[in-house]
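Participant:
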Amino acid sequence: MLYFSKIRIVLISLFTLTFFYLAISNFIKLDDKLFDKKINLGLDLQGGSYLLLEVDNKPVVAQRLQNSISILRKYFKDKNIRFKNLKIENDEYITFQIKNDNILKIKELFINKNSDINPYYPQYKSHQFDLKITNNQFNLRFSEYGLIKIKNSSLDQALEIVRRRIDEIGTNEPNILKRGNNRILVELPGLDDPMRIKNLLGKTANLTFRFVIQNAEETFGSEKLLFEDDSEEALVSKRIILSGDNLLDAQPRMDNQTNQTVVTFNLDRVGSKRFAKATKTGIGKRLAIILDGKIVSAPVIQSSIVGGSGQITGNFTFQSATDLALLLRSGALPAPLNIIEERTVGPDLGQDSINSGIIALLIGFFLVIIFMLFKYKIFGLIANITLILNLFLLLGILTLFEATLTLPGIAGIILTVGMAVDANVLIFERIKEESKNEKNKIIAFDSGYTLSKTAVIDANITTLIAAIILFFMGSGPIKGFSVTLGVGIFTTLFSVYFIARLLTSIYVSKNKDKEKLI
Amino acid sequence: MEKKNIHFNKFYKLFNLISFFLLFISLILLIFKGLNYGVDFKGGTIIELRINDSKTSISKLRQSFLNMNLGDVSVKQFGKENDYLVKFEKKDSNNANFISEIKQDLAIYIGSEFDFRRVESVGPKVSSELLRSGMIAIGLSLTAMLFYIWIRFEWQFSLGAILALIHDVVITLGFFSFFNLEINLSIVAAVLTIVGYSMNDTVVIFDRVRENLKKFSDINIYDLTNISINETLSRTIITSFTTLLALLSIYLFGGEILKGFSLAMILGVIFGTYSSIYIANPILVLLKVSQKTILKKDKD
């Protein structure tokens, strides 16, 4: 175990030097473009905000059921199928009744793999709807995979909108990721007050232009809506003149005549036409501008607007106008988002954590080094050199993979310092035992290394197992801990079996005639 | 350190009784008193705040938060003199302005000389998921260790090691329950690391037991475990000592956030070292492990 060929010595040195260089490059501005990777600091160290958003799919499902009902109604009419009581129950399923004689034929329309009204998804081997028939009563409920499809598509849309909104604000390197099938994770480094972003993400931004009416109308239906300041109510038609989808652009402006802040907008071609037509026929009426179920304003139409642009007035501050414009530009969320987890760390606390982490590391390191030197003298020195190189290897590997260092991650490094000497201690103690019976120092050292190997490997694998499980089950900062702990095991094994063993072999071969080596 | 011959095995019975007693107390505490879950596992909000003038007393701060109608509020000092940790149950996920409203309210009560240094808000759904995955992680790691030792040794060893692990985890959690210390995500990380560490310690002794079993056919397991413990004793002490040095420096200098984590680890290392000697080994004796136990495997 003690013999090293020249080529191995060169390889070990090269390997160690490379990672030493990588580790150093984090601290010293090295003047070359050879390598520009760095260890990332976690949100708990650099400060920042972590938000977990959940898509509330209930309104989406309700909307989809609503759409399906109109499709069904049209389909039945086209096919001359007589039905009654077609409606949505409990916002969960569609129900209707038909004449007895057709049941099998109609059933076939729904369970056929080429069904027009109940699409079949071959990849899931499932239809969109599960069908239940009792007598002549049909119940259509979204199948498991039908729901998954809806969730996936609303998650994709929501992700896109969230990304656009955050990009518009222009924060530093945001991290926006899908989590599961209805969650979005947002990490915003350097942001110590996420209020504005939370506000922007908390709004669906569903914009519609609808007429204010005097009496409830039959054809489209109507509803009573509150103004934004909850001051008054107005009855508005359910007929949508324009929606946010028709918007090309929106900007906050200062209106020169009234000195009010407004939001101006431009419409696409379809939107322009509809807007022109509506304003032409509706002169004198009030057009309500409705955002997320509340009336922003309801100006009286003075003249027809043909240019495809207009402005929204309301009680805006410049900030709120800017935010509204931003929301309109980035589009509406398919469903409301709820913030179900938030963790924000201010930058000064992050810096404090880095400082105390480094102090703890240095003190822990110092104590361990003093102890080892005291306990093993020259071999303590070898163990200490190994330990220092081990730290550089660990930092080097974290740099190479651009890993994220968190506060628990620093704790993991300190723990590695404490536990890394274990392998050397196991080996040294074994060598001491072997030296009692074996006069030939080289052989004693050799068997010390060989005999302790299973214990060293087994002992390290157990810690590695714990680290791997933590990596997969933990989140955020804890993941950082498992990474440093796990990588620390590999660097420990390398530094003990290559670096320390090399140093030991050099020392022993030069001093093999000494009476007491260890 | 000269080779010692301490008769550990004479005290197997005594320490087993003590361990049973501690385990029993811990289980009673865990069942009837339960654990003090932090917001990670219970849901709610914590705010770490620093007050920049020293006029505001902790009772004034507490009263200010109580006036805000946030449910159960706890306020305690956190590290430095003017740093406080405020914890309350309410978490308003539909109101994006929740935190800034609290900030405004607080400014009315105590003036504006304060900073929110850290805010963590966890909804009930997320917290129950975190609790579940934490428990799964601990269960999974115990199972993984059980199988690893089973593969590397024999089932008797595996059983001994796993019982030692359960002993360490339960007593550490019992300690947290007794002193009402908070259980959060980092404590779960600590418990998993304890599992790894305690295993590591047990494995080293077991490795020596196995080696000695092959070497000596005439020594019974009762004495054999004692020999093995003694032979590996200086390593056990040195490694536990250096690990404790590292953990102690995290506990003392690593800042408030790591205090609970490092305390759990310190306890775990102490119990882990103890249980490797006084739980894992007596079980080998109890299961009458002999040379035959390991030779059977070599023939296969």
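So the protein sequences, as listed, match chains A and B. Each step along the first sequence adds one to the number in my numbering, with nothing skipped, and position 31 is 51. Each step along the second sequence adds one to the number in my numbering, with nothing skipped, and position 137 is 145. C-beta: ideal position from N, C-alpha, C; glycine also.
Determine which residues of the stretch 222-254 of chain A have a Cβ less than 9 Å from any Cβ of chain B, and write them out in chain order.
Facilitator: For chain B, the residues of the stretch 222-254 of chain A that bring a beta carbon within less than 9 Å of one of its beta carbons are G222, K223, in chain order.
Participant: Using the beta-carbon of each residue, which ones in chain A are nearer than 7 Å to I265(B)?
Facilitator: Indexing the second sequence from 1 puts residue 265(B) at position 257. The contacting residues are S373, L427.
Participant: Among K99(A), D98(A), R93(A), which one has its Cα closest to the Cα of N105(A)?
Facilitator: For the purposes of this step, residue 105(A) is taken as the residue at position 85 of the first sequence. Considering only alpha carbons, the answer is R93(A).
Participant: Nearest to N358(A) by CA position, among K258(A), K223(A), F338(A), S329(A), is which residue?
Facilitator: Counted from its first residue, the first sequence places residue 358(A) at position 338. Among K258(A), K223(A), F338(A), S329(A), the Cα nearest to that of N358(A) belongs to K223(A).
Participant: Count the CB pairs spanning the stretch 407-421 of chain A and the stretch 452-467 of chain A that are closer than 8 Å, and state whether there are at least three.
Facilitator: Touching, no.
Participant: In the DSSP assignment, find the beta strand (DSSP E) that holds T426(A) and state where it starts and stops.
Facilitator: As a first step, residue 426(A) is located in the first sequence; it is residue number 406 there, counting from the start. No beta strand (DSSP E) contains T426(A), which DSSP labels as neither H nor E.
Participant: For S71(A) and L30(B), what's the separation of their Cα atoms in angstroms?
Facilitator: As a first step, residue 71(A) must be located in the first sequence, where it is residue number 51. As a first step, residue 30(B) must be located in the second sequence, where it is residue number 22. Looking at the sequence provided, one finds Leu at residue 71(A) rather than Ser. Their backbone Cα atoms lie some 41 Å apart in a straight line.
Participant: Is it true that the stretch 34-49 of chain B meets the stretch 73-81 of chain B, where meeting means three or more beta-carbon pairs spaced less than 8 Å apart?
Facilitator: no
Participant: What ranges does the beta strand (DSSP E) occupy inside the stretch 126-159 of chain A, keeping only unbroken runs of at least 3 residues that lie completely in it?
Facilitator: 149-154
Participant: With a cut-off of 9 Å, does the C-beta of T251(B) fall near any C-beta of chain A?
Facilitator: For the purposes of this step, residue 251(B) is identified with residue 243 of the second sequence, where counting begins at 1. At least one chain A Cβ lies under 9 Å of T251(B).
Participant: Hey, would you say T180(B) sits closer than 9 Å to A288(B), going by beta carbons?
Facilitator: In the second sequence, residue 180(B) corresponds to position 172, counting from 1. In the second sequence, residue 288(B) corresponds to position 280, counting from 1. No, Cβ-Cβ distance for T180(B) and A288(B) is not below 9 Å.
Participant: Excluding the five sequence neighbours on either side, which residues of its own chain have a C-beta within less than 7 Å of the C-beta of T281(B), listed in chain order?
Facilitator: Numbered from its first residue, the second sequence carries residue 281(B) at position 273. Closer than 7 Å at the Cβ level, and outside the excluded window around T281(B), lie D209, T244, S248.
Participant: Grab me the residues of N195(A)'s own chain with a C-beta within less than 6 Å of its C-beta, minus the 5 sequence neighbours each way, in chain order.
Facilitator: For this step, residue 195(A) is matched to residue 175 along the first sequence. Contacts found: E207.
Participant: Can you grab the Cα-Cα spacing for the pair E121(B) / S108(B), in whole Å?
Facilitator: Mapped onto the second sequence, residue 121(B) falls at position 113. Mapped onto the second sequence, residue 108(B) falls at position 100. Cα-Cα distance, rounded: 15 Å.
Participant: Against chain B, which members of the stretch 364-397 of chain A pass a CB distance test of less than 7 Å?
Facilitator: T364, V365, G366, D368, L369, D372, S373, S376, G377, I379, A380, I383, G384, L387, V388, F391, K395
Participant: Is it right to say V507(A) is buried, meaning 16 or more other beta carbons lie within 10 angstroms of its own, or is it exposed?
Facilitator: Your numbering for residue 507(A) matches position 487 in the first sequence. The residue is buried, with at least 16 neighbouring Cβ atoms inside 10 Å.
Participant: Name the chain B residues that come within less than 8 Å of F399(A), Cβ to Cβ?
Facilitator: Within the first sequence, residue 399(A) is the residue found at index 379, counting from 1. Here the premise fails: no neighbours, minimum Cβ distance about 12 Å.
Participant: Using the C-alpha atoms, what's the distance from G204(B) back to M9(B)?
Facilitator: Along the second sequence, one-based indexing puts residue 9(B) at 1. Along the second sequence, one-based indexing puts residue 204(B) at 196. Low per-residue confidence applies at M9(B): pLDDT is 42, beneath 50, and the placement is therefore not dependable enough to give any value.
Participant: Quick check: what's the CA-CA separation for I498(A) versus I131(A)?
Facilitator: Within the first sequence, residue 498(A) is the residue found at index 478, counting from 1. Within the first sequence, residue 131(A) is the residue found at index 111, counting from 1. Distance between the alpha carbons of I498(A) and I131(A) is about 49 Å.
Participant: If you compare alpha carbons, which of I153(A), I378(A), T333(A), A345(A) is closest to L278(A)?
Facilitator: By 1-based counting over the first sequence, the position of residue 278(A) is 258. It should be pointed out that residue 278(A) corresponds to Thr in this sequence rather than to Leu. The residue with the shortest Cα to Cα distance from T278(A) is T333(A).
Participant: Going by DSSP in three states, K534(A) sits in which element: helix, strand or coil?
Facilitator: Counted from its first residue, the first sequence places residue 534(A) at position 514. Reduced to three states, the DSSP call for K534(A) is coil.
Participant: Which residue's Cα is closest to the Cα of G400(A): K267(B), L292(B), I246(B), L271(B)?
Facilitator: By one-based count along the first sequence, residue 400(A) stands at place 380. Per the Cα distances, I246(B).
Participant: Does DSSP put G508(A) in a helix, in a strand, or in coil?
Facilitator: By one-based count along the first sequence, residue 508(A) stands at place 488. Of the three classes helix, strand and coil, the one that applies to G508(A) here is helix, per DSSP.
Participant: Between the stretch 282-301 of chain A and the stretch 314-332 of chain A, can you find at least three pairs of beta-carbon atoms closer than 8 Å?
Facilitator: yes
Participant: Compute the distance between the beta-carbons of P214(A) and L63(A), then report whether it is under 9 Å.
Facilitator: Numbered from its first residue, the first sequence carries residue 214(A) at position 194. Numbered from its first residue, the first sequence carries residue 63(A) at position 43. Contact flag unset, no.
Participant: Which value, in whole angstroms, describes the spacing of the CA atoms of N13(B) and R363(A)?
Facilitator: Residue 13(B) sits at position 5 when you count from the first residue of the second sequence. Residue 363(A) sits at position 343 when you count from the first residue of the first sequence. Their backbone Cα atoms lie some 54 Å apart in a straight line.
Participant: At which residues does the beta strand (DSSP E) containing M274(A) begin and terminate?
Facilitator: Your numbering for residue 274(A) matches position 254 in the first sequence. Residues 267-275.
Participant: Can you list, in chain order, the residues of its chain with a C-beta nearer than 6 Å to that of T115(A)? Leave out the 5 residues immediately preceding and following it.
Facilitator: Here residue 115(A) refers to the residue found at position 95 of the first sequence. Counting only Cβ-Cβ distances below 6 Å, and skipping sequence neighbours, we find E109, N159.
Participant: As an exercise, report each continuous alpha helix (DSSP H) stretch of at least 4 residues that is fully enclosed by the stretch 100-187 of chain B, in chain order.
Facilitator: 106-118, 132-160, 163-186
Participant: Taking the beta carbon of V297(B) as the centre, do at least 16 other beta carbons fall within 10 Å, making it buried, or is it exposed?
Facilitator: Numbered from its first residue, the second sequence carries residue 297(B) at position 289. Buried is the call here.
Participant: Compare the C-beta of M76(B) against all C-beta atoms of chain A and say whether one is closer than 9 Å.
Facilitator: To locate residue 76(B), count along the second sequence from 1; it is residue 68. No, M76(B) lies away from the interface with chain A (no Cβ there is under 9 Å from its Cβ).
Participant: Using only alpha-carbon positions, find the residue among Y396(A), N226(A), L420(A), F35(A) that is nearest to A355(A).
Facilitator: Taking the first sequence and counting its residues from 1, one reaches residue 355(A) at position 335. Closest by alpha carbon: N226(A).
Participant: Classify G204(B) as helix, strand or coil using the three-state DSSP reduction.
Facilitator: Counting from 1 along the second sequence, the entry for residue 204(B) is found at position 196. Helix, per DSSP.
Participant: Out of curiosity, what's the CA-to-CA distance linking T53(B) and I33(B)?
Facilitator: Against the second sequence, residue 53(B) aligns to sequence position 45. Against the second sequence, residue 33(B) aligns to sequence position 25. Between T53(B) and I33(B), the C-alpha separation is close to 32 Å.
Participant: Taking K218(A) as the query, report the chain B residues whose CB atoms sit under 7 Å from its CB, ordered along the chain.
Facilitator: In the first sequence, counting from the first residue as 1, residue 218(A) sits at position 198. Around K218(A), the beta-carbon contacts reaching into chain B at under 7 Å are A104.
Participant: Roughly how many angstroms lie between the CA atoms of L42(A) and G429(A), to the nearest whole one?
Facilitator: As a working mapping, residue 42(A) is identified with position 22 in the first sequence. As a working mapping, residue 429(A) is identified with position 409 in the first sequence. Looking at the two C-alpha atoms, the distance is approximately 18 Å.
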